[in-house]
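Protein chains in written order, with my numbering: chain A, 557 to 599; chain B, 192 to 293.
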Amino acid sequence: MVSHSTGAQAPQFDFVDTNGVSGRLSDYAGKKHVVLVLMRGLW
Amino acid sequence: MRQDYAKFVDRNAEIIAISPDSAEKLRDHWNKQQIPYPGIPDPDKQILDELGQEFKLLKFGRMPGVIIVDSQGAIRHSHYGNNAGDIPETDMLLALIDKLES
Chain A
557 MVSHSTGAQA
567 PQFDFVDTNG
577 VSGRLSDYAG
587 KKHVVLVLMR
597 GLW
Chain B
192 MRQDYAKFVD
202 RNAEIIAISP
212 DSAEKLRDHW
222 NKQQIPYPGI
232 PDPDKQILDE
242 LGQEFKLLKF
252 GRMPGVIIVD
262 SQGAIRHSHY
272 GNNAGDIPET
282 DMLLALIDKL
292 ES
């Protein structure tokens, strides 16, 4: 576990989710915390 | 994780999963599992590589990784999952978010 106290800004990336909805990580800034789960892939 | 999703919502947190699977495969899984949070297919590994390199996180192909970004857009935690399952321990993530909220 690495804790980041300096609070470097997360890289901003665009995405399209499984519902075809596009967004960017910055959409959540000022609103919500985000838990990014980096999956290693399904079966 | 799915059952505990409400606990994340209560803490003003969103979960976003990023996967190297194709859009079709991921959508199929999301629908079958009724996963309530967004899943992002990243078969070219553009986002995964960017995040993995940024945090030197992923021995890619082995463990899942988690990055917690607070509501200011700042990174607060990063780590590997403790097992080869999809998602790391929910309680631990909730505890970390509680610290952000306090």
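Glycine included, every Cβ here is placed at the ideal spot set by N, Cα and C. Bear in mind the structure is a predicted one, so any value in this text is a computation, not a measurement.
Item to complete: Measuring only between beta-carbons, confirm whether D298 of chain B sits less than 7 angstroms from chain A.
Response: Outside the shown range of chain B (192 to 293) lies residue 298 of chain B, about which nothing can therefore be said.
Worksheet item: Hey, quick one: how far does the alpha helix (DSSP H) through A208 of chain B stretch, first residue to last?
Response: Where A208 of chain B is concerned, there is no enclosing alpha helix (DSSP H), although the beta strand (DSSP E) it sits in stretches over A204 to S210.
Worksheet item: Going along chain B in order, which residues have a C-beta closer than 9 angstroms to the C-beta of S582 of chain A?
Response: G264, listed in chain order.
Fill in: Outcome for R500 of chain A when other beta-carbon atoms lying within 10 angstroms are tallied against a minimum of 16
A question about residue 500 of chain A goes unanswered here, because the residues of chain A that appear run from 557 up to 599.
Practice prompt. Would you give the residue range spanned by the alpha helix (DSSP H) that V200 of chain B belongs to?
Written response: It spans Y196 to D201 - the alpha helix (DSSP H) in which V200 of chain B sits, taken as one unbroken run.
Discussion item. Please list, in chain order, the chain A residues whose beta carbon lies closer than 9 angstroms to that of D240 of chain B.
Written reply: Residues of chain A passing the Cβ test: none, with the nearest at roughly 10 angstroms.
Item to complete: Can you have a look at A286 of chain B and say buried or exposed, based on whether 16 or more other CB atoms are within 10 angstroms of its CB?
Response: A286 of chain B comes out exposed.
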